[in-house]
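Residue numbering for the sequence shown follows the UniProt record's numbering, beginning at 1 and increasing consecutively.
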Amino acid sequence: MASRQPSTLAIKQLKRSDLVAEEIKRLITDRNLKPGDRMPRESELQVQFEVSKGTIREALKSLEVQGLITISTGPSGGGTIAEVPLTRTLQFMQNYLFFKEVSIDDIYKVRMALEPELAAGAVPHLTEADFDALEHSIACCDPNQGHEDLVSQRRDDMNFHDLLAAANPNPFLRFTCELINEMLRELTVFGNRTPQAESRRFGERNTAFHREILHAARARDADRVRQRMVEHMQDAASSVKRLKGRLQGRLILDTETTRRRAMVTAARSTKAATERSSTK
């Protein structure tokens, strides 16, 4: 009896809609379409790829799930090219890491390797507007000046690093560091019995390091920025360990993330309204 070829068994047959989705990606590249540009109409794609309307719609839906396009309905509806948001990428990565044990120590080891180079590489490209934004970030997260609770301030500490990332010209390094920042911002939780005094000291040390890094960046001293960031990452890793920081479970569902952001936004709006009314 003839046996099946192993290579044949190893090949997974792609659905027609998956193949069409890949061809649409190639079309986007060939036409150099950018976020905000309109996709060709379904009827045009149907004729071009010689497939049914159902296959085209399934392919477009697949691209929408991936975050590459948005689809609107109605007479003027259709597909529009979209830039995949960082939060969506984080969700994909969480799925990849779902069955892997990733600790917060693992993340900080990567941060210690990447953040110093990210910050040093950003120095020549920082503008006065960037410096102003960095100053504002420091003021917001200073536990002796800010009005947010300490846990929210620790999440907002990542904004300082995001601003440095935005100025770095290396897109892959920028993306990697922004993704790590988003992971720490969204997934880090601290021990319930963490003393407020310890959390405040963490915030004060972060603020001090951020001020030193900003001062060195204003002087265009990339080497000094790199060294201060090394020290900052080492100190932050030790502080998170003392605060019993950990990653929240294996996966946060989309609905949980949306609910938490909505609660944070509502709480901040209520607090701001209360402060405005008290000053009248």
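Note that CB positions come from ideal geometry on N, CA and C, so glycine has one too.
Query raised in the report: So, are the CB atoms of I81 and P35 less than 7 angstroms apart?
Result: yes
Query raised in the report: Are L118 and L173 touching if we call contact CB-CB under 7 angstroms?
Result: Contact flag set, yes.
Requested in this report: Closer than 6 angstroms by C-beta to N206: which residues in its own chain qualify, once you throw out the five before and the five after it? Chain order, please.
Outcome: D157
Query raised in the report: Relative to the C-alpha of Q48, which residue among G245, I24 and V230 is closest?
Result: I24
Requested in this report: Determine the direct distance from the alpha carbon of K61 to that of T70, and round the result to whole angstroms.
Outcome: 9 angstroms
Query - Where the alpha helix (DSSP H) containing G203 begins and where it ends - result: Q196 to R218
**Report entry** Any 3 or more C-beta pairs closer than 8 angstroms across the stretch 137-147 and the stretch 168-185
**Finding:** no
Query raised in the report: Quick one: what's got a C-beta closer than 7 angstroms to P51's C-beta in the same chain, skipping five residues either side?
Result: Note that residue 51 corresponds to Val in the displayed sequence, not to Pro. The answer, listed in chain order, is R16 and V20.
Query - Among A222, N144, E64 and T29, nearest to V84 - alpha-carbon criterion - result: E64
Query raised in the report: Does DSSP put Q72 in a helix, a strand or coil?
Result: Note that residue 72 is Ser in the sequence shown, not Gln. Three-state result, S72: strand.
Query raised in the report: E58 to P116, Cα distance in whole Å?
Result: So the two alpha carbons sit approximately 44 angstroms from each other.
Query raised in the report: What span of residues does the alpha helix (DSSP H) with T176 cover, start to end?
Result: Note, T176: alpha helix (DSSP H), P171 to L187.
Report task. Mind the definition here: the stretch 197-213 touches the stretch 225-238 only if three or more C-beta pairs lie below 8 angstroms; say whether that holds. Result -> Counting Cβ pairs under 8 angstroms, three or more are found: they touch.
Query raised in the report: Between the C-alpha atoms of R185 and T73, what's the straight-line distance to the nearest angstrom?
Result: 35 angstroms
Query raised in the report: Beta carbon of L163, beta carbon of A129: below 7 angstroms?
Result: no
Query raised in the report: Does DSSP classify R246 as helix, strand or coil?
Result: R246: strand per DSSP, three-state reduction.
Requested in this report: Could you check if Y108 is buried or exposed, using at least 16 other CB atoms within 10 Å of its CB as the buried criterion?
Outcome: buried
Query raised in the report: Per DSSP, R38 is paired with what?
Result: R38 is bridged by DSSP to T80.
Query raised in the report: DSSP state of G54, grouped into three classes?
Result: helix
Query - Backbone secondary structure at D221 - three-state DSSP - result: coil
Query - Whether L243 touches F190 by CB criterion (7 angstroms) - result: yes
Query - Nonlocal neighbours in the same chain, by C-beta distance under 7 angstroms from I28, ignoring five residues either side - result: I81
Requested in this report: Return the Cβ separation of G121 and T188 in integer angstroms, given the expectation that the two are a contact with Cβ distance under 8 angstroms.
Outcome: The Cβ separation is near 25 angstroms, so there is no contact.
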